[in-house]
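For the sequence shown, full-length UniProt numbering begins at 1 and goes up steadily by one. Notes for the one structure printed next.
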Amino acid sequence: MKLNNKGFRKKPIHIHFKCNKCNSIIDIDYKNLVLEYLKLNTFIEKENGLLIYDEEIMLNGVCHKCMEDSNA
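Right, dumping it as structure tokens:
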């Protein structure tokens, strides 16, 4: 299997961050991270006899702006 950032559906993998304070959604786009995530998917498939068609990654926390606002 050739690893790229298109995933299995030829759709780019999106990693999102959602701020718990202001509810903003931030796109995270790091090619090295995407490559490592695809390697993880391949490992999970092989170890568990699965075929992954889609993936969703949503990170939750507090964004930089809200952290700055709370320190003001």
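Positions of the beta carbon are idealized from the N, C-alpha and C atoms, including for glycine. As the structure is a prediction and not an experimental result, all values here were calculated from the model.
Helix, strand or coil for residue i, going by three-state DSSP, please let me know.
| i | result |
| --- | --- |
| Asp44 | Residue 44 is actually Ile in this sequence, not Asp. If DSSP states are grouped into helix, strand and coil, Ile44 belongs with the helices. |
| Asn71 | helix |
| Cys19 | strand |
| Leu35 | helix |
Could you compute how far the alpha carbon of residue i sits from the alpha carbon of residue j?
| i | j | result |
| --- | --- | --- |
| Lys31 | His64 | 22 Å |
| Leu59 | Lys46 | 25 Å |
| Val34 | Ile28 | 10 Å |
| Leu38 | Leu51 | 12 Å |
Since residue i and residue j are thought to touch, with beta carbons under 8 Å apart, how far apart are those beta carbons, to the nearest angstrom?
| i | j | result |
| --- | --- | --- |
| Lys21 | Val62 | 6 Å |
| Glu56 | Asn41 | Not quite, the Cβ-Cβ distance comes to about 12 Å (not below 8 Å), so this is no contact. |
Going by DSSP, what residue range makes up the beta strand (DSSP E) through residue i?
| i | result |
| --- | --- |
| Leu50 | Run containing Leu50: none; DSSP gives neither H nor E here. |
| Asp27 | 25–28 |
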